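See structure below.
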Amino acid sequence: MNQALTKNNLDTKSSKILVVDDEATNVRLLEKMLAAVGYEHVLSTQDPREVENMLRKDNSDLILLDINMPYMDGYQVMDHLNTLEDLDIPPILVLTAQGSKEYRQRALDGGARDYITKPFDMDELTSRVRNLLEVHLAQKMIKEQNKILDQKVEERTHQLQIAQDKLHDSRLQIVRRLGRAAEYRDNETGLHIIRMSKISALLGASAGLNEYECDLLLNASPMHDIGKIGIPDNVLLKPGKLTKEEFEVIQSHPQIGANILAEDESDLLKMAHDIALTHHEKWDGSGYPAGLKGEEIPLSGRIAALADVYDALTSRRPYKEPWPVEKAVEYIKENSGKHFDPSLVEKFLELLPEILKISSEFREPDVA
Ligand SMILES: [Fe+2]
Ligand SMILES: [Fe+2]
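For the sequence shown, the numbering used here assigns the number 2 to the initial residue and increments by one for each residue that follows.
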């Protein structure tokens, strides 16, 4: 026990003590002895059946408990108190007749902390009462401090959670706005972004990603073309065929996107970065910008590539009519293992009915 705690902080004299003894003379004697050494709050009863109620009304810090009593003996009182899970039972000091070693042992086994023998000796009583109270008060204090600590931890955790939620929300906002900014630079529509991100999340789930990761895919994939912000209009919006040089400029958009999204620690922006950088890589290594092959390409990039191309093929663009689904599916199949991750193509084919649902739910409005 901490010395400072016992000496300075624990005022045992203001503790509440409950005396339980059927003999009035014993009760009075104990009250007197306790008062003589400064204990001011001593309650007493001669009826052991009252103990529970008295504790409930006014929880004590120590019980002095006689053994031989009518109605309930001291052991029964202890047994009963042990069944009360909602009550903080204070330490019990048993009052026993001298010489009854067996009784004392039984009392200790039954939950008593200590005992004093009758006739009472003032010094013995004082030191045993003080010892038990000091331990009890110290425990109480530690319990209260722990409670306060627990509350503080809970409060901080809650605040942290709020801060994290806010951060997550603001990151989502950034990501969505960036995605929208990219749309303005290109032929791609907001609906394309929604469809390809939903298809990406669907593919992610079937590829074994958990809910959190699928959510990241859903929110990160809309930024796949964010790098187009950095492509000059005369190249990006050129209606005719691109020259080799112009095509090279277009091919810089993954790296520009990656630069825009780099250096953020959040899972969301890290994934957005990976997708922006690798959504034009191809499974056979013939893609750009790095010519990554197979599983060198992050799964998120492989997924986004498939979702992006499928949706681009089946969408109307100023320079082309939408492809029929069968033709687009045929193209995807032909390019399995070339452009696309073959295991993802398999999943894609299994998921086709769900993908068609997404396409129709978010289809472009008919041009009048
Ligand atoms: Fe792109
Ligand atoms: Fe796209």
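Each residue gets a CB set at the ideal place from its N, CA and C atoms; glycine is no exception. Remember, it's a predicted structure, so these values are computed and weren't measured experimentally.
- In this chain, the alpha helix (DSSP H) harbouring D166 covers 123–185.
- Here the C-alpha atom of D268 lies approximately 17 Å from the C-alpha atom of A206.
- The residue among L138, I230, Y289, K321 with its C-alpha nearest the C-alpha of D12 is L138.
- Fewer than three pairs of CB atoms, one per stretch, sit closer than 8 Å, so the segment 192–211 makes no contact with the segment 232–249.
- Within the segment 47–108, complete alpha helix (DSSP H) segments of at least 4 residues are found at 52–58, 75–83, given in chain order.
- At least one heavy atom of ligand 1 lies closer than 7 Å to the C-beta of D226.
- Straight across, the Cα-Cα distance linking L126 with Q152 is about 39 Å.
- The beta carbon of D151 sits no closer than 7 Å to any heavy atom of ligand 2.
- Here L88 is exposed, its C-beta having fewer than 16 other C-beta atoms within 10 Å.
- Remark: C-beta atoms of A183 and K229 approach each other more closely than 8 Å.
- Contact between K283 and H340 holds, with the beta-carbon distance rounding to 5 Å and staying under 8 Å.
- According to DSSP, V20 shares a beta bridge with S45, L65.
- Each residue's CA atom was taken as its position, placing V95 and D48 some 16 Å apart.
- With respect to the C-alpha of L314, the residue from T46, E53, E331, E296 having the closest C-alpha is E331.
- In the DSSP assignment, the residues bridged to D115 are L94.
- In this structure, L19 and S61 form a Cβ contact; the two beta carbons are roughly 4 Å apart against a cut-off of 8 Å.
- For S198, the closest alpha carbon among the candidates A305, D275, Y116 is that of A305.
- Cβ-Cβ separation between G288 and H281: approximately 5 Å, consistent with a contact (criterion under 8 Å).
- Counting every other CB atom within 10 Å of its CB across the protein chains shown gives P366 a total below 16, marking it as exposed.
- When rounded, the separation of the alpha-carbon atoms in P120 and K148 is 41 Å.
- Shortest Cα-Cα distance from F349 to any of I68, K358, I333, S128 involves I333.
- Counting the other CB atoms within 10 Å of its CB gives G302 a total of 16 or more, which places it among the buried residues.
- For V176, same chain residues with a beta-carbon under 8 Å away, outside a window of 5 residues either side, are N220, A221, P223, M224, L269, L270, A273 in chain order.
- Spatial neighbours of L210 in its own chain (CB-CB distance under 8 Å, excluding positions within 5 residues in sequence) are listed in chain order as L218, L300.
- Between A308 and S171, the C-beta spacing is not below 8 Å.
- In this structure, L243 places its C-beta atom within 8 Å of the C-beta atom of I251.
- For T279, the enclosing alpha helix (DSSP H) stretches over residues 268–279.
- Annotation for V250: the continuous alpha helix (DSSP H) segment containing it runs 245–251.
- Put simply, of V310, S337, D74 the residue whose alpha carbon is nearest the alpha carbon of V326 is V310.
- The closest heavy atom of ligand 1 lies less than 7 Å from the beta carbon of H254.
- Non-local beta-carbon contacts of I359 in its own chain, meaning distances under 8 Å to residues more than five positions away in sequence, involve R196, K199, I200, L203 in chain order.
- A208: not part of any alpha helix (DSSP H); DSSP gives it neither H nor E.
- I93 places its beta carbon less than 8 Å from that of R114.
- For F349, the enclosing alpha helix (DSSP H) begins and ends at 343–351.
- Using a cutoff of 7 Å, the CB of H281 counts as near ligand 1, since one of the ligand's heavy atoms is closer than that.
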